[in-house]
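Chemist: The following block contains the structure, expressed as structure tokens.
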Amino acid sequence: MNPELANRIQTYLETRGIAYRLHAHSPTETLAEAAERSQLGLQCLVRAVLLSDARGLVLAVLPANHLLDFHAIRECLGRDLQPVDRPVAASTFADCESGSVPPLGAPYGLTTLVHTAVFAQPTVCFEPGLRDRLVCMAGEVFTELHRDSQRAEIARPLSVLESRDVREFTLPGQWERMPALQGLHPVDDIRERITAIDRLPAMPAMARRLLRLRNDAEADVQDLVEVVSGDPSLTAQILRYARSGFFNYAGRVDTLDQAVTRVLGFETVLNMALGLAASKAFRNPADGPLGLQAFWRHAAYGAALAQAIASRYGRRLDLKPGLAYLAGLLHNFGFLLLGHLYRSEFFLLNKVVAANPHIPVVLIERRLIGASHTELGARLMQEWAMPEPVVTALREHHNEMYSGAHDAYAGLVYLVDWLLRREGLGDGAEGEPPTAVLTRLGLELEQLDELVEACLHERQGLDAMARQLAA
1 MNPELANRIQ TYLETRGIAY RLHAHSPTET LAEAAERSQL GLQCLVRAVL LSDARGLVLA
61 VLPANHLLDF HAIRECLGRD LQPVDRPVAA STFADCESGS VPPLGAPYGL TTLVHTAVFA
121 QPTVCFEPGL RDRLVCMAGE VFTELHRDSQ RAEIARPLSV LESRDVREFT LPGQWERMPA
181 LQGLHPVDDI RERITAIDRL PAMPAMARRL LRLRNDAEAD VQDLVEVVSG DPSLTAQILR
241 YARSGFFNYA GRVDTLDQAV TRVLGFETVL NMALGLAASK AFRNPADGPL GLQAFWRHAA
301 YGAALAQAIA SRYGRRLDLK PGLAYLAGLL HNFGFLLLGH LYRSEFFLLN KVVAANPHIP
361 VVLIERRLIG ASHTELGARL MQEWAMPEPV VTALREHHNE MYSGAHDAYA GLVYLVDWLL
421 RREGLGDGAE GEPPTAVLTR LGLELEQLDE LVEACLHERQ GLDAMARQLA A
């Protein structure tokens, strides 16, 4: 890696004698953060998205404050292009840091499609393959670099997604209007395709082994240790969790056997391992409120808090800590399935949710794709024969009024999401405390403050777990 720019970008600019300015900043995860730290306006930044279909790769270049319109791209190219998986992007841009895609296709031999508004910018800034600097140049210079690129209207301003009036929404399925989505064109048959899904992704082999173990009444600690120890990353996650301050264990925890017998217990380790192993079936985009980074951070905190509440009050509420952990970890699994099956629709949904944090995500999902992550996640868990309390928690965790089989688990996850939303985590409900859930569980918020504080006290360990899962 060149110390100033990614190697190919450096060579490409130098051989053409291109003048540019370099703005260094501390490493960032998003272009918005980079613009802020460099004291540049987001309106002068451009970004790139690597797309593919059976005919090959295409690099789409657009202003950083715009959103790709996949319908427009289909109209322009006659191709059903989708965002690529991270390994494909990493191999294509092998000289760049993970997640940084420079908006220059020529150095990488890529067909390039540029949104026309880019060429009207007097100054253009972009990441040169590194997450701690921006390159800026005159707009006409950037235009000359794209002399051979195709130009088209392939994006829309993010401002068209923003709607500040929640009163525009009525009950799900009874929409008055949603200006935030006007002019956007999700695939017309997405609802039918989701309804017609007849083959879901297979459960990973490790998860299948753990599920068989869970259903074996004679399985013991040594059986569990033997299975889990076959996956070093899974073993490391469980050991880290057992050593956390949640359990106030004063002794050393050096082995998986010690984590099971001295700290966590058979059921908790089994369910924790099952949830972590199941997650390995999917590799979604990393960024955004629904991306892997945010997903796993929310999941790690949600699982820990759900387990803590179940450990403290579960005997009275008929909640098992291990199952509570599994429900908290997997409750948003439908997002992973959606991103796996429908990449362009997930890409769009991720952007719309980011632009409208005040609107409940399930309302946006049903308006945009005709289904919600709760339905998709529950369907997959049923297909995988996961425990029924977990299936119910996935299906009903946005339904404060749910009352029925396993409603304690659904209510617990709803409550956990609400508590974490107060701390800026996840997609839980905002506003007034969920009195219906609290009443049904027989809990008061004051009883939970200590557990929330303990969860937040373990930020370092939980964040490390989330980073490893998202990697």
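First residue of the sequence shown: 1, per UniProt numbering; consecutive thereafter. Think of the CB as a built atom: it goes at the ideal place given N, C-alpha and C, for glycine as much as any other residue. This one's a predicted model, so the numbers in the text were calculated from it and none came from an experiment.
Pick out the complete alpha helix (DSSP H) segments inside the segment 81-135, 4 residues or longer, and give them in chain order.
Modeler: Whole alpha helix (DSSP H) segments, 4+ residues: 86-92.
Chemist: Going by DSSP, name the residue or residues bridged to Pro63.
Modeler: Against the sequence shown, residue 63 aligns to sequence position 63. For Pro63, which the question treats as bridged, DSSP gives the partners Val46.
Chemist: State the DSSP-derived secondary structure class of Met386, mapped to helix, strand or coil.
Modeler: The residue given as residue 386 occupies position 386 in the sequence shown. Coil.
Chemist: Nearest to Asn332 by alpha carbon, out of Gly431, Ala94, Val413, Ala152?
Modeler: Here residue 332 refers to the residue found at position 332 when the sequence shown is read from its first residue. Ranking the options by Cα distance to Asn332, first place goes to Val413.
Chemist: Candidates Thr255, Val352, Pro387: which alpha carbon is nearest Lys320's?
Modeler: Counting from one through the sequence shown, the residue named residue 320 turns up at place 320. Selected option, being the one with the closest Cα: Pro387.
Chemist: Counting Cβ pairs, one atom from each stretch, are 3 or more of them under 8 Å apart for the segment 28-38 and the segment 105-117?
Modeler: Flag = no, the segment 28-38 and the segment 105-117 do not touch.
Chemist: In the DSSP output, which residue or residues are listed as bridge partners for Val58?
Modeler: In the sequence shown, the residue the question calls residue 58 occupies position 58. Val58 is bridged to Leu51, Thr111.
Chemist: Tell me whether residue 483 sits in a helix, a strand or coil according to DSSP, three-state version.
Modeler: What the structure shows of the chain is the stretch from 1 to 471, and residue 483 is not part of that stretch, so it cannot be assessed.
Chemist: Leaving aside the five residues before and after Ser344 along the sequence, list all residues of the same chain whose C-beta is less than 6 Å from its C-beta, in chain order.
Modeler: Position 344 of the sequence shown holds residue 344. Excluding positions up to five away in sequence, the list reads Phe70, Gln82.
Chemist: Just tell me which of Ala242, His66, Leu224 has its CA closest to the CA of Pro157.
Modeler: Numbered from 1 along the sequence shown, position 157 holds the residue referred to as residue 157. Taking only the C-alpha atoms, the option nearest Pro157 is His66.
Chemist: Answer yes or no: do Ala304 and Leu462 have a C-beta to C-beta separation smaller than 8 Å?
Modeler: Taking the first residue of the sequence shown as position 1, residue 304 is located at position 304. Taking the first residue of the sequence shown as position 1, residue 462 is located at position 462. Yes, they are a contact pair.
Chemist: CB-CB under 8 Å to residue 505, same chain, minus the five flanking residues each way: which ones, in chain order?
Modeler: The chain is shown only over 1 to 471; residue 505 falls outside these bounds and no answer can be derived.
Chemist: Output needed for Ala90: all residues of its chain with C-beta closer than 7 Å, excluding positions within five of it in sequence on either side, in chain order.
Modeler: What you label residue 90 is simply residue 90 of the sequence shown in a count that begins at 1. Excluding residues within five positions, the ones whose Cβ falls inside 7 Å are Ser98.
Chemist: Taking DSSP's pairing of strands, which residues face Ala24 in a bridge?
Modeler: For the purposes of this step, residue 24 is taken as the residue at position 24 of the sequence shown. DSSP lists Arg133 as partners of Ala24.
Chemist: Near Arg164, which residues of its chain fall below 7 Å by C-beta distance, leaving aside the five closest residues on each side in sequence?
Modeler: Along the sequence shown, read from residue 1 onward, the residue named residue 164 stands at position 164. In this prediction, Arg164 scores a pLDDT of 42, lower than 50, which makes its location untrustworthy; no coordinate-derived value is stated.
Chemist: Which class does Ala471 belong to by DSSP, given the choice of helix, strand or coil?
Modeler: Indexing the sequence shown from 1 puts residue 471 at position 471. Note: Ala471 maps to coil in three-state DSSP.
Chemist: For the candidate residues Gly334, Arg312, Ala454, Arg252, whose alpha-carbon lies nearest to that of Ser279?
Modeler: As a working mapping, residue 279 is identified with position 279 in the sequence shown. When only C-alpha atoms are compared, the closest one is Gly334.
Chemist: Which residues bound the alpha helix (DSSP H) around Pro157?
Modeler: Within the sequence shown, numbered from 1, the residue matching residue 157 stands at position 157. From DSSP, Pro157 is part of no alpha helix (DSSP H) but of the beta strand (DSSP E) over 155-157.
Chemist: In its own chain, which residues sit with a C-beta less than 8 Å from the C-beta of Leu451, not counting the 5 before and 5 after it?
Modeler: As a first step, residue 451 must be located in the sequence shown, where it is residue number 451. Hits under 8 Å: Leu305, Ala308, Ile309, Arg312.
Chemist: By Cβ distance below 8 Å, which residues in the same chain neighbour Val166 in space, the five residues on each side in sequence not counted?
Modeler: Residue numbering aside, residue 166 sits at position 166 when the sequence shown is read from its first letter. Because the pLDDT at Val166 is just 38, under 50, the model does not fix this residue reliably, and the value given afterwards should be weighed accordingly. Here the set comprises His358, Ile359.
Chemist: Under DSSP, the alpha helix (DSSP H) around Asn7 begins and ends at which residues?
Modeler: Taking the sequence shown and counting its residues from 1, one reaches residue 7 at position 7. First-last of the alpha helix (DSSP H) with Asn7: 7-15.
Chemist: For the candidate residues Leu211, Gly370, Met381, whose alpha-carbon lies nearest to that of Leu330?
Modeler: Within the sequence shown, residue 330 is the residue found at index 330, counting from 1. It is Met381 whose Cα lies nearest to the Cα of Leu330.
Chemist: Just verifying my parser: in three-state terms, what is the DSSP assignment at Glu168?
Modeler: Locating residue 168 in the sequence shown gives position 168, where the first residue counts as 1. Residue placement at Glu168 cannot be trusted, given a pLDDT of 38 that sits under 50; the coordinates are not used to answer.
Chemist: Across which residues does DSSP place Ala138 in a beta bridge pair?
Modeler: In the sequence shown, residue 138 corresponds to position 138, counting from 1. For Ala138, which the question treats as bridged, DSSP gives the partners Thr123.
Chemist: For Leu68, which beta-bridge partners are listed by DSSP?
Modeler: Numbered from its first residue, the sequence shown carries residue 68 at position 68. Note: Leu68 sits in a beta bridge opposite Ala155.
Chemist: Quick check: what's the CA-CA separation for Ala393 versus Tyr12?
Modeler: Translated into the one-based positions of the sequence shown, residue 393 becomes position 393. Translated into the one-based positions of the sequence shown, residue 12 becomes position 12. Cα-Cα distance, rounded: 53 Å.
Chemist: With a threshold of 8 Å, are at least 3 pairs of Cβ atoms found where one atom belongs to the segment 234-245 and the other to the segment 254-261?
Modeler: Enough Cβ pairs lie closer than 8 Å, so yes.
Chemist: Return the first residue and the last residue of the alpha helix (DSSP H) that Pro232 is part of.
Modeler: The sequence position of residue 232 within the sequence shown is 232, counting from 1. Its alpha helix (DSSP H) spans residues 232-242.
Chemist: Under 8 Å by Cβ, that's how I've got Val391 and Ala410 pegged, so tell me the actual separation to the nearest angstrom.
Modeler: For the purposes of this step, residue 391 is identified with residue 391 of the sequence shown, where counting begins at 1. For the purposes of this step, residue 410 is identified with residue 410 of the sequence shown, where counting begins at 1. About 10 Å; that fails the 8 Å criterion.
Chemist: From Pro87 to Ser229, what does the alpha carbon distance come to, in whole angstroms?
Modeler: The residue given as residue 87 occupies position 87 in the sequence shown. The residue given as residue 229 occupies position 229 in the sequence shown. Cα to Cα, Pro87 sits roughly 26 Å from Ser229.
Chemist: Looking at C-beta atoms only, is the number of pairs between the segment 17-26 and the segment 146-156 that lie closer than 8 Å three or more?
Modeler: Touching, no, given that fewer than three Cβ pairs across the two stretches are closer than 8 Å.
Chemist: How should Thr268 be labelled, buried or exposed, when 16 other C-beta atoms within 10 angstroms of its C-beta is the threshold for buried?
Modeler: To locate residue 268, count along the sequence shown from 1; it is residue 268. Answer is buried; the Cβ neighbour count reaches 16.
Chemist: Hey, Pro128 and Ala6: beta-carbon distance below 8 Å or not?
Modeler: Taking the first residue of the sequence shown as position 1, residue 128 is located at position 128. Taking the first residue of the sequence shown as position 1, residue 6 is located at position 6. Yes, the Cβ-Cβ distance between Pro128 and Ala6 is below 8 Å.
Chemist: Excluding five sequence neighbours on each side, which residues of the same chain lie with their C-beta closer than 8 Å to the C-beta of Pro204?
Modeler: Within the sequence shown, numbered from 1, the residue matching residue 204 stands at position 204. Result list for Pro204: Ala277, Ala278, Lys280, Ala281, in chain order.
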